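The block underneath contains the structure these notes are about, expressed in structure tokens.
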Amino acid sequence: MDFTLSDQQVALKQSVQKFAQKELPDIARQIEESDAPPGIELRKRYAELGYLGVNLDEKYGGAGMSHLDAVIVLEEIAKVSIAVAFPIFESCFGPSLAIGHFGSDRLREKILPRVCSGEIVVAVSMSEPDAGSALTDLTTQARVESDRLIVNGSKRWCSGAGHSEAYVVYCRMDDIPGAKGIGAVVIEKGSEGFSFGKRDHHMGFRGVASADMYFDDVEVSKENVLVAAGGFGKLMDAFDLERCGNTTMSLAVAQSAFDYVLQYSQERRQFGKSLIDFQAVQLQIAEMKMRLDAARLLLYRAVVNAEKGLPSIAESSVAKCFANEAAREVTGKAMQLMGGYGYSKEYPLEQKLRDAWGWGIAGGAIDIQKVNIAAALAGRRFNQRAK
Numbered sequence: 003m004d005f006t007l008s009d010q011q012v013a014l015k016q017s018v019q020k021f022a023q024k025e026l027p028d029i030a031r032q033i034e035e036s037d038a039p040p041g042i043e044l045r046k047r048y049a050e051l052g053y054l055g056v057n058l059d060e061k062y063g064g065a066g067m068s069h070l071d072a073v074i075v076l077e078e079i080a081k082v083s084i085a086v087a088f089p090i091f092e093s094c095f096g097p098s099l100a101i102g103h104f105g106s107d108r109l110r111e112k113i114l115p116r117v118c119s120g121e122i123v124v125a126v127s128m129s130e131p132d133a134g135s136a137l138t139d140l141t142t143q144a145r146v147e148s149d150r151l152i153v154n155g156s157k158r159w160c161s162g163a164g165h166s167e168a169y170v171v172y173c174r175m176d177d178i179p180g181a182k183g184i185g186a187v188v189i190e191k192g193s194e195g196f197s198f199g200k201r202d203h204h205m206g207f208r209g210v211a212s213a214d215m216y217f218d219d220v221e222v223s224k225e226n227v228l229v230a231a232g233g234f235g236k237l238m239d240a241f242d243l244e245r246c247g248n249t250t251m252s253l254a255v256a257q258s259a260f261d262y263v264l265q266y267s268q269e270r271r272q273f274g275k276s277l278i279d280f281q282a283v284q285l286q287i288a289e290m291k292m293r294l295d296a297a298r299l300l301l302y303r304a305v306v307n308a309e310k311g312l313p314s315i316a317e318s319s320v321a322k323c324f325a326n327e328a329a330r331e332v333t334g335k336a337m338q339l340m341g342g343y344g345y346s347k348e349y350p351l352e353q354k355l356r357d358a359w360g361w362g363i364a365g366g367a368i369d370i371q372k373v374n375i376a377a378a379l380a381g382r383r384f385n386q387r388a389k
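Numbered by the working numbering, the letters in the sequence shown go through residues 3 to 389 in order.
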């Protein structure tokens, strides 16, 4: 069992890191100040470099590489800012992979080349006002009429809502209650009857758009059906890979906070010596490093074991849950070590801490991941509903 990256992966990591540190910091600062998502120009630049769809098939414009290669690219970009990394996240670990795995040939040919060229970003829309963790309570409906579907309902907490050009929308496609009636359809922005509410603004995740979404008799071709009713299990299998993207974003935030405070602790002097010379600081630094290494190994296990398929719910949930908690702990410790400087907006730690907390909510809250882990260990799903 080899725990080292290959020479090619080391070279990939170094090249992405060089690009990210040279070209992205100014863009990231502008996004943080304005809360405006990155423009299509940046996506086109990513496309030129082959960073969009790293693990998508080459025949659709992807790089045809592994999930681990995609993790390497995403982490180096996200160390600068999760907002500038978001188009890569969506193309490598978001709904684009669900389309790649479960979409028809026609749907893949329609959507994926445009993702890999930077023309569009595809977001996933699952949650509703009354269906978040209890996703099978969703009520958005796609009624089949001849060669089309008519979609009605509303969605909430979709990262990218209002800014992304297309959406994988989970909806009820059959009157069967619960998971068996749920499928998913791709709906493009600008479709008649498809509208957005007021833009949300969060504690962190600046530059990642979010808004309520409304579907009023939206007509969608049957060709845009990703998974028909009864395919909810497939959709959640694909979401296991999105959890690995979430894990990578958490890890990147925590790693960049650690890198910054490690350097700071060697330069900042108190009582006549560097902070790093105090044993209490050394212990904090060591604990942060342990959390980061453990999170990275859990992430790598999930994506390597999946090869080019989809990871297991157990391994992806363990990785996400641990990385989410580690990111909160590491950024919190880093801020404490920096004192007032860490709390100041003139330094990056306060942003890192705000973003770290968001990933433990997005993509399935931490406690939900723990329920998933217990279910995998027991070999059965637990009914959370009152009886």
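Beta carbons: idealized from backbone N, C-alpha and C, even for Gly.
The structure displayed is predicted, hence computed values, not measured ones.
Close-in-space but distant-in-sequence residues of the same chain around Asn307 (CB under 8 Å, 5 per side omitted): Position 305 of the sequence shown holds residue 307. In its chain, beyond the 5 residues on either side, Pro313, Ser314, Glu317 have a beta carbon closer than 8 Å to the beta carbon of Asn307.
Paired residues, beta bridge with Glu147 - DSSP: In the sequence shown, the residue the question calls residue 147 occupies position 145. According to the DSSP secondary-structure assignment, Glu147 is paired through a beta bridge with Arg150.
Inter-residue Cα distance where the pair is Glu194 and Met215: Within the sequence shown, the letter at position 192 stands for residue 194. Within the sequence shown, the letter at position 213 stands for residue 215. Going from the Cα of Glu194 to the Cα of Met215 covers about 13 Å.
Per DSSP, cross-strand counterpart(s) of Cys246: Counting from one through the sequence shown, the residue named residue 246 turns up at place 244. According to DSSP, Cys246 bridges with nothing at all.
Arg45 versus Asp4, Ser161, Ile278, Gly120, residue with shortest Cα-Cα distance: Along the sequence shown, one-based indexing puts residue 45 at 43. Ranked by how close their Cα comes to the Cα of Arg45, the residues Asp4, Ser161, Ile278, Gly120 have Gly120 in first place.
Simplified DSSP state of Ile184, which is helix, strand or coil: Taking the sequence shown and counting its residues from 1, the one referred to as residue 184 is at position 182. Strand, per DSSP.
Cβ contact (3+ pairs, closer than 8 Å) linking the region 257–274 and the region 205–220: Judged by Cβ distances under 8 Å, the region 257–274 makes no contact with the region 205–220, as fewer than three pairs qualify.
Other residues of its chain near Ser135: CB distance less than 7 Å, five sequence neighbours each side excluded: Looking up residue 135 in the sequence shown gives position 133. Scanning its chain for C-beta atoms nearer than 7 Å, with the 5 sequence neighbours on each side dropped, one finds around Ser135 the residues Ala367, Ile370, in chain order.
Beta-carbon proximity list for Ser197, same chain, < 7 Å, skipping 5 on both sides: As a working note, residue 197 is residue 195 in the sequence shown. Shown here for Ser197: same chain residues with a beta carbon closer than 7 Å to its own, the five before and five after excluded, namely Tyr216 in chain order.
Contacts around Ser83, its chain only, beta-carbon distance under 6 Å, and the 5 residues preceding and following it disregarded: Counting from 1 along the sequence shown, the entry for residue 83 is found at position 81. Within its own chain, the residues whose Cβ lies closer than 6 Å to the Cβ of Ser83, once the five positions on either side in sequence are excluded, are Ala30, listed in chain order.
Spatial distance of Gly342 from Ala336 (CA atoms): As a working note, residue 342 is residue 340 in the sequence shown. As a working note, residue 336 is residue 334 in the sequence shown. Counting only the Cα atoms, Ala336 lies some 11 Å from Gly342.
Rounded Cβ spacing between Val171 and Thr138 (contact assumed at less than 8 Å): Taking the sequence shown and counting its residues from 1, one reaches residue 171 at position 169. Taking the sequence shown and counting its residues from 1, one reaches residue 138 at position 136. Contact flag wrong, Cβ pair sits at about 15 Å.
Residues that DSSP places opposite Ala133 in a beta bridge: As a working note, residue 133 is residue 131 in the sequence shown. Looking at the DSSP output, Ala133 sits in a beta bridge with Glu130.
Cβ-based neighbour list, Phe207, same chain, cut-off 6 Å, excluding 5 preceding and 5 following: Your numbering for residue 207 matches position 205 in the sequence shown. Answer for Phe207: Gly360, listed in chain order.
Pairwise C-alpha distance: Asp357 and Ala282: As a first step, residue 282 must be located in the sequence shown, where it is residue number 280. As a first step, residue 357 must be located in the sequence shown, where it is residue number 355. Straight-line Cα distance between these residues: approximately 26 Å.
Nearest-angstrom Cα separation, counted from Leu76 out to Phe91: Taking the sequence shown and counting its residues from 1, the one referred to as residue 91 is at position 89. Taking the sequence shown and counting its residues from 1, the one referred to as residue 76 is at position 74. The alpha-carbon atoms of Phe91 and Leu76 are separated by roughly 7 Å.
Phe384 Cβ short of 8 Å to the ligand PLP heavy atom set: Here there are no bound small molecules, and the ligand PLP is not part of this structure.
Given Ala181 as reference, the closest of Met128, Ser223, Lys224 once Cα atoms are compared: Taking the sequence shown and counting its residues from 1, one reaches residue 181 at position 179. Relative to Ala181, the option among Met128, Ser223, Lys224 whose CA is nearest is Met128.
Alpha-carbon to alpha-carbon, Arg271 and Val117: As a first step, residue 117 is located in the sequence shown; it is residue number 115 there, counting from the start. As a first step, residue 271 is located in the sequence shown; it is residue number 269 there, counting from the start. Cα to Cα, Val117 sits roughly 48 Å from Arg271.
Contacting residues, own chain, Cβ-Cβ under 6 Å from Asn326 (five flanking each side not counted): Here residue 326 is taken as the residue at index 324 of the sequence shown, counted from 1. Excluding positions up to five away in sequence, the list reads Ser252, Trp361, Gly362, Ile368.
Simplified DSSP state of Phe5, which is helix, strand or coil: Working through the sequence shown from its first residue, we reach residue 5 at position 3. Phe5: coil per DSSP, three-state reduction.
Host alpha helix (DSSP H) of Phe104 (start-end): Within the sequence shown, the letter at position 102 stands for residue 104. 97–104 is the span of the alpha helix (DSSP H), which, as asked, contains Phe104.
CB-CB length for Arg110 against Tyr62, believed under 8 Å: Looking up residue 110 in the sequence shown gives position 108. Looking up residue 62 in the sequence shown gives position 60. Taking C-beta atoms under 8 Å as the contact rule, Arg110 and Tyr62 qualify, at a distance of about 6 Å.
Ala259 beta carbon less than 9 Å from that of Val332: Residue mapping note: residue 332 aligns to position 330 of the sequence shown, counting from 1. Residue mapping note: residue 259 aligns to position 257 of the sequence shown, counting from 1. For Val332 and Ala259, yes; Cβs fall inside 9 Å.
Whether Gly185 touches Ala231 by CB criterion (9 Å): Locating residue 185 in the sequence shown gives position 183, counting from the first residue. Locating residue 231 in the sequence shown gives position 229, counting from the first residue. Less than 9 Å divides the Cβ of Gly185 from the Cβ of Ala231.
Range covered by the alpha helix (DSSP H) that runs through Leu228: Counting from 1 along the sequence shown, the entry for residue 228 is found at position 226. Taken as a continuous stretch (DSSP letters only), Leu228 belongs to no alpha helix (DSSP H), being part of the beta strand (DSSP E) at 227–229.
Option in Gln338, Lys322, Pro39, Ile79 with minimal Cα separation from Glu25: In the sequence shown, residue 25 corresponds to position 23, counting from 1. Residue Ile79 is the option with its Cα nearest to Glu25.
Buried versus exposed, by CB contacts within 10 Å (16 or more), Gln386: Reading the sequence shown from its first residue, position 384 is the one you call residue 386. With fewer than 16 other Cβ atoms within 10 Å, it is exposed.
Local Cβ density within 10 Å of Asp71, reported as buried at 16 or more and exposed below that: Taking the first residue of the sequence shown as 1, we reach residue 71 at position 69. Classification for Asp71: buried.
C-alpha distance - Ser106 paired with Asp279, whole-angstrom precision: The residue you call residue 106 lines up with position 104 of the sequence shown. The residue you call residue 279 lines up with position 277 of the sequence shown. Using only the alpha carbons, I get a separation of about 60 Å.
Assumed close pair Phe104, Lys236 - CB separation to whole angstroms, cut-off 8 Å: For this step, residue 104 is matched to residue 102 along the sequence shown. For this step, residue 236 is matched to residue 234 along the sequence shown. Indeed they touch by this definition, with Cβ atoms about 5 Å apart.
Endpoints, alpha helix (DSSP H) assigned at Tyr1: Residue 1 cannot be examined here, being either before or after the span of the chain that is shown, 3 to 389.
Helix, strand or coil at Gln284 according to DSSP, with G and I counted as helix: What you label residue 284 is simply residue 282 of the sequence shown in a count that begins at 1. Correct three-state label for Gln284: helix.
Straight-line Cα distance separating Val12 from Tyr302: Taking the first residue of the sequence shown as position 1, residue 302 is located at position 300. Taking the first residue of the sequence shown as position 1, residue 12 is located at position 10. Looking at the backbone, the Cα of Tyr302 and that of Val12 are separated by about 15 Å.
Length at least 4, wholly inside the region 310–386: the alpha helix (DSSP H) runs in chain order: DSSP runs (the alpha helix (DSSP H)) wholly in the region 310–386: 315–340, 342–345, 351–361, 368–380.
Alpha-carbon spacing of Leu277 relative to Met67, whole angstroms: Within the sequence shown, residue 277 is the residue found at index 275, counting from 1. Within the sequence shown, residue 67 is the residue found at index 65, counting from 1. Their Cα atoms are separated by approximately 42 Å.
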